[in-house]
Amino acid sequence: MAKLDLNNLTLAGARDSLRARDYSAQELTEAHLEAMEKARALNAFIVETPEQARAMAKAADARLAKGEAGPLEGIPLGIKDLYCTQGVATTAGSHILEGFVPQYESTVSSQLWRDGAVMLGKLNLDEFAMGSSNETSHFGAVTSPWRRQGSNVALVPGGSSGGSAAAVAARLCLGATATDTGGSIRQPAAFTGTVGIKPTYGRCSRWGIVAFASSLDQAGPIARNVRDTAILLRSMAGFDPKDSTSVDRPVPDYEAALGSSIKGKTIGIPKEYRVDGMSPDIEALWQQGIAWLRAAGANIVDITLPHTAHALPAYYIVAPAEASSNLARYDGVRYGLREQGRDIVDMYEKTRAAGFGKEVRRRIMIGTYVLSAGYYDAYYLRAQKIRTLIKRDFEQAFAAGVDAILTPATPSAAFGIGEKSDADPIEMYLNDVFTVTVNMAGLPGLVVPAGLSAEGLPLGLQLIGRPFEEETLFTLAQVIEEAAPKVGLPEAWWG
Amino acid sequence: MTHAAAPLDIRTADPKKLIAGATGDWEIICGLEVHAQVTSQSKLFSGASTGFGAEANSHVSLVDAAMPGMLPVLNEECVRQAVRTGLGLKAEINKRSTFDRKNYFYPDLPQGYQISQFKSPIVGEGEVVVDVTPSEQIKVRIERLHLEQDAGKSLHDQSPTLSFVDLNRSGVALMEIVSKPDIRSADEARAYVTKLRSIMRYLGTCDGNMEEGSLRADVNVSVRKPGGALGTRCEIKNVNSIRFIGQAIDAEARRQIAILEDGGAIVQETRLFDPARGETRAMRSKEEAHDYRYFPDPDLLPLEFDDAFIAALRDKLPELPDAKKARFMADYGLTSYDAGVLVAEREAADYFEAVARGRDGKLAANWVINELFGRLNKEGLDIVHAPVSAASLGAIIDLIGSGAISGKIAKDLFEIVWTEGGDPAKIVAERGLQQVTDTGAISAAVDAIIAANPDKVAQAQAKPTMLGWFVGQVMKQTGGKANPQSVNELLKQKLGI
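Protein chains in written order, with the numbering used here: chain A, -4 to 490; chain B, 438 to 934.
Shown next, in the form of structure tokens:
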């Protein structure tokens, strides 16, 4: 069997073929390791773990042979380098954690290994997941496998889970873990024509995932279609007594929910998501999405989420506030980088100045400022109040019978590397305008590719659901996936 | 932290407690923040052991070392201990409380923040009745009690150029118990902390072991003219013994009075007590210039429980010192002083009750307080290590009661049991310590002494107080075993006085 075929599978397809013994997990893994090697120009991986991958694939084959296959047996995956992996360097994309090798495995990744998956390596990301373009990584920007039609300009894959999205779109892995604090799963998925879901806050354990903003962070998968994403989430989700904010409720079989009728489902269209400067492509796509869902039997209703406009500024207070505290532990005392200093304070200052990049330093400064005596009430407390109002907006919409909300995923298609990184940071922050509300409210949000821009770049739509109703989102997303013209995957120009 | 806001003048100091200055008397106003280590197997947010004295960094979980991605999980036993303590302080228990982060950098604070309860503590206002002296009782109001993490320990003596860090204590649960500024003297402060410690030891919520750092206090002190406007306070951090708490208050009050009487002003600041010099000194401004940037810890949900949870803990509370004291006075007829001494330590109270049960309570109290406590103090021993068990002491008292031995012999017997051990009744029998009540034997001894000392007989007949000399001689001859009453009667009769 030609190797190329093994790199063009769906996760569900590979799973079934592995069980049918059409090819081995080792062959499948080998094909992906080879693809990774050829795609190093994309810089999607920070660490490749071929030896571990081969050992895991071998063990998977043994289980497959015995008929003891787990739900993800033999499936090669990439792990965002924000997840701590036992015995494998974990950097969070930061110089300050260079050389840090955890003695523990994050709950979510350990569940993937429990279910038989194979780890290919650690995926690049914005430093500490702070960014929307993967340009803030200490290990260099990730290049999107996508290019504009007739152009060689290197594009960003989005961020912070840029490595995850790029690797999935470039067929370097069958799926990847990602995390989403303000849009870090959904925006890269939209930019790369992949599917990504940020589940309800508390659905996946945060234990062992480097914290950015604890009240917003949530793990989730990125894959090449809705079914594959649903399969991955089932393995990733679940209650973890080691995370006090994880929620103890059964994990449904998301895959089994696919294909159920959406007839009679009520889809809300929030008028506040029609923002200034939104590209006409996006507006057209949104209308198209509405039409597809309506055609499938959904009721479309206009809704209002009046506090939407305040979400982005409030997010950029809450998230940096928590980050400024969460990142205090990187002090050079116990692990990671240490720059020698005259005394302890000098050591702290030199270590943190050298260890953190510009964007991380900016957010630590913002966070420190908004929590300071005299500013707390004006910033942090008000932001929390806005957060409550945003949550209430959604609750009211759901209480009025809305099952899910359809919005654009991003205000534009992917932009060029360097295009926005030198501009006003606010410009970059605006990428999250459609996604942060979902984190602020703790709701599930899914992005599905729905078309191409005029320049031939993928565009996505976002579905927002009621808490713990991820099944509804998968079902609706599959309707869009099936109705939409095939976005496809980028041509392998990288080698 | 409580001076400014709290209503103050619930009580004015006894004039005897005022400090005389050059410009007249001064009154001390003091409030304490006591940090009590919660008695628990594991830490507040991790499963690591709280055992004291282990090798450095051997009781450290991934959470305590603040490894990336680690999350705190609240230890429910620490919650129960805090609620028990709150109930012991007759305080309001808050069914909903929250955890906040207190942010600052220090090498022994791995997270870069301490998890504490800033806004909504688990326990609200309460009250402690304190016996300052046997005759003086005061009430100290409790402002709040909250749970928080302890920090690790910096070791500066391990290397000439580096400091090391021991994280064994990092994350151990502390209860911070904040009093209102109701304390008016060093004696009151000492008595308050002693009482607090006693209550927590009864409850089993804090072992109160100061040598191991289980109990420390931040002391807020200001002075004022009696009844005058409040002064500016200073906070003396981390005083680690009851004795030093008293010394720190006196030293700080004198320092403030000297400044004020010189026409100066007190600067509100954080100070440290130096026990070697007996004075307080200001902390370097860097050490106190913290903006802690408190905010709710997003890793932890609000702590919520119901009335049934509280009721279940309340039902299992032991009898506390105040109730026990009242009962000892009522049931055993003890004085307030004796009862107070006996209930200070739960073990001592238990010991006393074991001795007193079915016996003369006052006699039991005398023996426990005078003989046993006296001997324990002399040897520097704790009551749980007393060589004379409560059963043995009870047996000794029974031997007195039955007339088998005299009070004097009883003390010798106590000494024998203390040093050699053994069953008191057996010792009395084996060593022939029984009191001689056989008048014949005593009579023979009396006759012999009278016959041998005609001059003393004459003296005694002239001056009856001389009788004591004869009693002594008879006791000597009988090895102390003669019943003193019989000796007296026989002597009087035979000497005709």
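Where a beta carbon is used, it is the ideal one built from N, C-alpha and C, also for glycine.
Beta carbon of Ala919 of chain B, beta carbon of Val873 of chain B: below 7 Å? Position 482 of the second sequence holds residue 919 of chain B. Position 436 of the second sequence holds residue 873 of chain B. A contact, by the Cβ cut-off of 7 Å.
message = I want to verify the contact list: residues of chain A whose CB lies under 7 Å from the CB of Asp501 of chain B, in sequence order.
response = Taking the first residue of the second sequence as 1, we reach residue 501 of chain B at position 64. Under the 7 Å cutoff, chain A gives no residues; its nearest Cβ is about 11 Å from Asp501 of chain B.
Item to complete: Name, please, each residue of chain D whose Cβ falls closer than 9 Å to the Cβ of Gly484 of chain B.
Response: Absent here is chain D; the protein component of the structure consists of chains A and B.
| query | In the region 681 to 750 of chain B, which residue ranges form an unbroken beta strand (DSSP E) of at least 3 residues, counting only runs that do not cross its ends? | reply | For the region 681 to 750 of chain B, whole beta strand (DSSP E) runs of length 3 or above, ordered along the chain, are 707 to 711, 716 to 719.
Nearest-angstrom Cα separation, counted from Ser483 of chain B out to Gln551 of chain B:
Mapped onto the second sequence, residue 551 of chain B falls at position 114. Mapped onto the second sequence, residue 483 of chain B falls at position 46. Cα to Cα, the separation comes out at about 14 Å.
Measure the beta-carbon distance from Glu454 of chain B to Ser622 of chain B and round it to whole angstroms, keeping in mind my assumption that it falls under 8 Å.
Here residue 454 of chain B refers to the residue found at position 17 when the second sequence is read from its first residue. Here residue 622 of chain B refers to the residue found at position 185 when the second sequence is read from its first residue. The sequence given here places Lys at residue 454 of chain B; Glu does not occur at that position. At roughly 4 Å, the Cβ-Cβ gap stays under 8 Å, so Lys454 of chain B and Ser622 of chain B are in contact.
- prompt: Around the Cβ of Pro140 of chain A, are there at least 16 other Cβ atoms within 10 angstroms (buried) or fewer (exposed)?
  reply: As a working note, residue 140 of chain A is residue 145 in the first sequence. Note on Pro140 of chain A: 16 or more other CB atoms within 10 angstroms of its CB, so buried under the neighbour-count rule.
Considering only DSSP beta bridges, list what Gln457 of chain A is partnered with.
As a working note, residue 457 of chain A is residue 462 in the first sequence. Note: Gln457 of chain A sits in a beta bridge opposite A:Thr402, A:Val442.
Exercise. Ignore the nearest five residues each way along the sequence and tell me which others in Val495 of chain A's own chain have a CB closer than 8 Å to its CB.
Key: In the structure displayed, chain A extends from -4 to 490; residue 495 of chain A sits before or after that span and is not available.
Q. Just to confirm, are Ile475 of chain A and Val443 of chain A a CB contact at a threshold of 7 Å?
A. Here residue 475 of chain A refers to the residue found at position 480 when the first sequence is read from its first residue. Here residue 443 of chain A refers to the residue found at position 448 when the first sequence is read from its first residue. Yes, Cβ-Cβ distance for Ile475 of chain A and Val443 of chain A is below 7 Å.
Given a cut-off of 7 Å on the beta-carbon distance, is the pair Ala314 of chain A and Ala208 of chain A in contact? Position 319 of the first sequence holds residue 314 of chain A. Position 213 of the first sequence holds residue 208 of chain A. Yes, the pair counts as a contact, with Cβ atoms nearer than the cut-off.
(request) Look up Ile679 of chain B in the DSSP assignment and give the residues it is bridged to. (result) In the second sequence, counting from the first residue as 1, residue 679 of chain B sits at position 242. None; Ile679 of chain B has no bridge partner.
Quick one, which of A:Phe40, A:Ala34, A:Gly8, A:Asn426 has its alpha-carbon nearest Leu491 of chain A's? Nothing can be reported for residue 491 of chain A, as the shown portion of chain A is limited to -4 through 490.
key: For Asp884 of chain B, three-class secondary structure by DSSP   = Taking the first residue of the second sequence as 1, we reach residue 884 of chain B at position 447. Asp884 of chain B: helix per DSSP, three-state reduction.
Ile381 of chain A (DSSP reduced to helix, strand or coil): Looking up residue 381 of chain A in the first sequence gives position 386. Reduced to three states, the DSSP call for Ile381 of chain A is helix.
Legend entry - CB contact flag (Leu471 of chain A, Leu458 of chain A, <7 Å): The count along the first sequence starts at 1 and reaches residue 471 of chain A at position 476. The count along the first sequence starts at 1 and reaches residue 458 of chain A at position 463. For Leu471 of chain A and Leu458 of chain A, yes; Cβs fall inside 7 Å.
| message | Out of A:Leu227, A:Lys237, A:Tyr343, which one is the CA nearest neighbour of Asp110 of chain A? | response | On the first sequence, position 115 is the one that residue 110 of chain A refers to. It is A:Leu227.
query: Would DSSP call Leu524 of chain B helix, strand or coil?
result: In the second sequence, counting from the first residue as 1, residue 524 of chain B sits at position 87. Residue state, collapsed to three classes: helix.
Across the region 83 to 96 of chain A and the region 312 to 332 of chain A, are there enough close Cβ pairs to call them in contact, namely three or more that are closer than 8 Å?
yes
Does any CB atom of chain B fall closer than 7 Å to the CB of Ile204 of chain A?
-> For the purposes of this step, residue 204 of chain A is taken as the residue at position 209 of the first sequence. Interface residue, yes.
- DSSP three-state assignment for Leu484 of chain A, whether helix, strand or coil: Along the first sequence, one-based indexing puts residue 484 of chain A at 489. Coil.
* Asked: Using a beta-carbon distance below 7 Å, is Cys199 of chain A in contact with chain B?
  -> As a working mapping, residue 199 of chain A is identified with position 204 in the first sequence. It does not; no Cβ of chain B falls within 7 Å.
Who are the near neighbours of Ala184 of chain A in its chain, counting only those whose CB is closer than 7 Å to its CB and skipping five residues on each side? Within the first sequence, residue 184 of chain A is the residue found at index 189, counting from 1. For Ala184 of chain A, where only same-chain residues beyond five positions count, the Cβ hits under 7 Å are Ala160, Val190, Gly191, Ile217, Val442, Gly455.
Quiz prompt | Cβ pair Glu43 of chain A, Met31 of chain A closer than 7 Å | solution = Indexing the first sequence from 1 puts residue 43 of chain A at position 48. Indexing the first sequence from 1 puts residue 31 of chain A at position 36. Closer than 7 Å, so yes.
For Tyr788 of chain B, which residues in the same chain have their Cβ closer than 7 Å to its Cβ, ignoring the five residues on either side in sequence? Start at 1 with the first residue of the second sequence, and residue 788 of chain B comes out as number 351. The answer, listed in chain order, is Val805, Ile820, Ala827.
Simplified DSSP assignment, three categories, for Cys671 of chain B: The sequence position of residue 671 of chain B within the second sequence is 234, counting from 1. Strand at Cys671 of chain B.
- Task: State yes or no: is the beta carbon of Glu464 of chain A nearer than 7 Å to at least one beta carbon in chain B?
- Result: Here residue 464 of chain A refers to the residue found at position 469 when the first sequence is read from its first residue. Chain B contact via Cβ: absent.
Notebook entry, point to check: Hey, would you say Ser616 of chain B sits closer than 7 Å to Gly468 of chain B, going by beta carbons?
Noted result: Taking the first residue of the second sequence as 1, we reach residue 616 of chain B at position 179. Taking the first residue of the second sequence as 1, we reach residue 468 of chain B at position 31. Cβ atoms of Ser616 of chain B and Gly468 of chain B: closer than 7 Å.
Which of the three DSSP states is assigned to Tyr788 of chain B in this structure?
Position 351 of the second sequence holds residue 788 of chain B. If DSSP states are grouped into helix, strand and coil, Tyr788 of chain B belongs with the helices.
Check your understanding: Roughly how many whole angstroms lie between the Cα atoms of Asp248 of chain A and Ile673 of chain B?
Key -> By one-based count along the first sequence, residue 248 of chain A stands at place 253. By one-based count along the second sequence, residue 673 of chain B stands at place 236. So the two alpha carbons sit approximately 60 Å from each other.
Item to check | At least 3 beta-carbon pairs within less than 8 Å: the region 880 to 897 of chain B vs the region 844 to 864 of chain B | outcome: no
query = Which residues in the same chain as Cys515 of chain B place their Cβ atom closer than 7 Å to its Cβ, once the five residues preceding and following it in sequence are excluded?
reply = On the second sequence, position 78 is the one that residue 515 of chain B refers to. The residues are Val475, Ser477, Leu481, Leu584, Ala610.
Note to self: Is there a C-beta anywhere in chain B that falls below 7 Å from the one on Tyr491 of chain A?
What the structure shows: The requested residue 491 of chain A does not occur in the structure, where chain A is confined to residues -4 to 490.
Do you know offhand how far Glu580 of chain B's Cα is from Gly561 of chain B's?
To locate residue 580 of chain B, count along the second sequence from 1; it is residue 143. To locate residue 561 of chain B, count along the second sequence from 1; it is residue 124. In a straight line, the C-alpha of Glu580 of chain B is about 6 Å away from that of Gly561 of chain B.
Item to check | CB contact check: Leu526 of chain B to chain A, cutoff 7 Å | outcome: Your numbering for residue 526 of chain B matches position 89 in the second sequence. Judged by the 7 Å Cβ criterion, Leu526 of chain B is not in contact with chain A.
With DSSP as the reference, identify every bridge partner of Ile192 of chain A, one or two as the case may be. One-based indexing of the first sequence puts residue 192 of chain A at position 197. Answer by DSSP bridge pairing, in chain order: A:Leu441.
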